[in-house]
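Data first, discussion second: the structure below is written as structure tokens.
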Amino acid sequence: RVKQDGRNAYRFYDISMTTDVQRTMDLDSRLRQAIKNNRIEMYYQPILDLETKQIVGAEALMRWEDEKLGFIPPDEFILLAEKNGLIHRLGEIAISQACYHAAHWQSIAPIKISINFSSVQFRYCDTLLAQIKKGLKSSGLAANKLDIEVTESLLFNHNDEVVSLLEDLRRQGVELTIDDFGTGYSALSYLQKFPFDKLKIDRSFLIDIDQNASNRELVSAIIAMAKALNIRIVAEGVETKWHTEYLLQRGCDYGQGYYFSKPLPADEFEVLLTHSRMPQSVA
Ligand code: C2E
Ligand code: MG
Ligand code: MG
Ligand code: MG
């Protein structure tokens, strides 16, 4: 496609195209290297019970710091990995690292570990199930300490295989969470059809909640709806005391965000968890 608006515009378009393609090619080969050289590391962000302020879980978030390209945000490399197929390998890394750490942390506190799964990973349900079973078995983590986060897009084009995988996991005690709630295009009816335990309110609803009355009403309505359906609620992107108090007052169960902690490397998360369990500590 050639733009018709003059020679300079065309040149500009051409160059930016090339750099985009180049960046994708660089990322692609660097990501393969990073996987080979074990440069993919899971970070952990605490999830707190808003009432007791105890850490009840952690979300595992993937980090890649490339030797040449620097820090690459997960939103960028996960999208690429979904296209080039590396997502299945990344998923395996996430499961094995997160289950390993979570199993180790059980001696400090009975926390759950939440792992993100993109819809593309459900294209091969057998592989995914095998990866999860292996992660649990080799770490010794109990299935009821694992929480799987999926987004609404999985349910939009779902097939029977996905539904039976989710049901199978849940029968084994794995928890299911709907992530980024309210940002997808799904009809709400899926909440009745699928066996979700928890719903995670997307961070975008919380950003200006102290100024924005309509976002406040939305959050409040989401919480009320989840409660009516017996689904527990997590708020992500909790950044202020105000957020915490509002959410608690509206009956939100759990919170996660910079107000409590950023995602941390495993050893730092372990220190935080240990300290939070000491009797004198008030988180
Ligand atoms: P997500 O699952 O919705 O994760 C929450 C994101 O919000 C994380 O971004 C987290 O660092 C960020 N966050 C948490 N609290 C706050 C806060 O108070 N303020 C702000 N500004 N941000 C906060 P992150 O780590 O960059 O991850 C982005 C997305 O990448 C995730 O969104 C998830 O969709 C995807 N992702 C990350 N790790 C994995 C993984 O292992 N597998 C898959 N499939 N996707 C992953
Ligand atoms: Mg998530
Ligand atoms: Mg989320
Ligand atoms: Mg989100």
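The sequence shown begins at 485 in UniProt numbering and counts up by one. All C-beta atoms in this analysis are idealised placements derived from N, C-alpha and C, irrespective of residue type, glycine included. Predicted, not measured: the structure shown is a model, and the values here were computed from it.
Aspartate 512 has no beta-bridge partner at all, per DSSP.
Tyrosine 742 sits exposed, since fewer than 16 C-beta atoms from the chains shown fall within 10 Å of its C-beta. Aspartate 663: not part of any alpha helix (DSSP H); member of the beta strand (DSSP E) spanning 659–665, first to last residue. Here isoleucine 592 is exposed, its C-beta having fewer than 16 other C-beta atoms within 10 Å. The alpha helix (DSSP H) runs lying completely inside the region 545–629 and spanning 4 residues or more are 558–568, 571–589, 609–623, given in chain order.
For leucine 683, the pairing in a beta bridge is given by DSSP as Ile662, Ile717. Counting along the chain, glutamine 676 sits inside no beta strand (DSSP E); it lies in the alpha helix (DSSP H) bounded by residues 674–677. The criterion of a C-beta distance shorter than 8 Å is satisfied by cysteine 736 and isoleucine 707.
Take asparagine 600, set aside five residues on each side of it, and the residues of its chain with a beta-carbon closer than 6 Å to its own are Glu633, in chain order. One Cα belongs to isoleucine 539, the other to methionine 762, and the distance between them is close to 12 Å. The C-beta of leucine 713 has fewer than 16 other C-beta atoms within 10 Å across all chains shown, which makes the residue exposed.
In chain order, Leu683, Ile707, Ala710, Cys736, Asp737 place their CB closer than 6 Å to the CB of isoleucine 717, counting only its own chain and leaving out the 5 sequence neighbours on each side. In this structure, the alpha-carbon of asparagine 568 lies about 8 Å from that of aspartate 512.
The C-alpha of tyrosine 608 lies about 10 Å from the C-alpha of alanine 614.
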